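Chains as they are written, first to last, in our numbering: chain A, 1 to 118; chain B, 119 to 234.
All C-beta atoms, glycine included, are put in the ideal place defined by N, C-alpha and C.
Predicted model only: the values in this text are computed from it and were never measured.
One structure below.
As C-alpha cells, this is what we get:
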C-alpha cells in the first residue's frame with residue numbers, strides 16, 4: 001500500500017521569501033508519479049506540478065519547483081518569491097501505478113497549511 | 119470554458135435521507151472520480167469510473183452509490199447507510215491513462231454536505 005506523509009501541519013513564510021513544503025512517500029513500485037495540489041479556502045483543488053519517478057530533472061512550473069530525491073523518497077515543493085495569494089492548503093499526492101489503464105487512483109497526504117505574512 | 123461543475127455548493131439534509139450530489143464535466147474526459155474530505159484530512163477516494171456504464175469502488179465506498187450513464191455526468195448518492203456523511207465532496211476527471219496527454223486530475227469546486 002502506498003503512503004504519503006506531510007509532517008508540517010502549518011507553515012509561515014514572509015512575503016517574497018521562498019518556502020519548502022515537505023512530502024515523503026512510501027512505495028515498493030519503481031514506476032509512480034507525484035503531484036502537488038493547492039487548495040484555497042474556496043475548496044477547489046488546483047494542480048501545481050507533477051514529477052514522474054523516471055524523470056531525471058526536477059519538475060518546475062513558474063514559481064513552483066519539486067525537489068525530488070528518489071533515494072530518500074521525498075518530493076518537496078519549493079515556492080519561490082511567496083505571494084499573499086499563496087496562502088492555502090497544499091497537498092502532496094501519489095498516483096497508484098496499479099490503477100486501471102483508463103484511470104488512476106491518487107493517494108493524498110494530510111496537507112500543510114501555508115500562511116504568507118505581509 | 120471547459121471545466122467541472124458541482125451543485126449545489128452547500129447541501130443540508132436530515133439524517134436518514136438519501137441525497138444525490140451532481141458532477142458534470144465538459145472536458146471530454148473518460149475518467150471521473152469522487153473524493154471525500156474531512157476537516158484536517160487529505161482526500162479519500164470513494165468511487166471512480168473509467169468509462170460510461172463502468173465504475174469501481176475506491177477506499178471508502180460503503181454507504182455510497184454512483185452511476186455513469188453519460189460521459190459528462192457522474193452523480194454520487196449518499197445513502198442513509200453512510201454513518202458519517204457530513205463532509206466536503208469533490209468530483210474530478212482526467213484523460214485516460216494510456217494517452218498520457220495530461221497527468222493531472224481536474225477538480226470541481228466541491229459540495230459541502232451537512233447532515234443533522
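Look at residue 172/B here: in three-state DSSP terms it is strand.
Here DSSP, grouped into helix, strand and coil, assigns residue 85/A to helix. Of 134/B, 231/B, 204/B and 151/B, the smallest CA-CA separation from residue 142/B is found for 151/B.
Using beta-carbon distances, residue 79/A does not count as an interface residue toward chain B, since no partner is under 9 Å. Near chain A, meaning a CB-to-CB distance below 9 Å, the residues of the stretch 151–179 of chain B are 151, 153, 155, 158, 159, 160, 161, 162, 163, 166, 167, 168, 169, 172, 174, 176 and 177. Comparing alpha carbon positions, the residue from 207/B, 188/B and 232/B closest to residue 44/A is 207/B.
Comparing C-alpha distances from residue 184/B to each of 153/B, 161/B and 212/B shows the shortest one belongs to 153/B. Classified as exposed, residue 84/A has fewer than 16 neighbouring CB atoms from the shown chains inside 10 Å of its CB. For a cut-off of 8 Å, the C-beta gap from residue 81/A to residue 63/A is around 6 Å, short enough to register as a contact. Counting only runs of 3 or more residues that sit fully inside the stretch 158–210 of chain B, the beta strand (DSSP E) segments are 161–169, 172–175, 182–184 and 194–196, in chain order. Here residue 111/A is not near residue 176/B, since their CB atoms are 9 Å or more apart.
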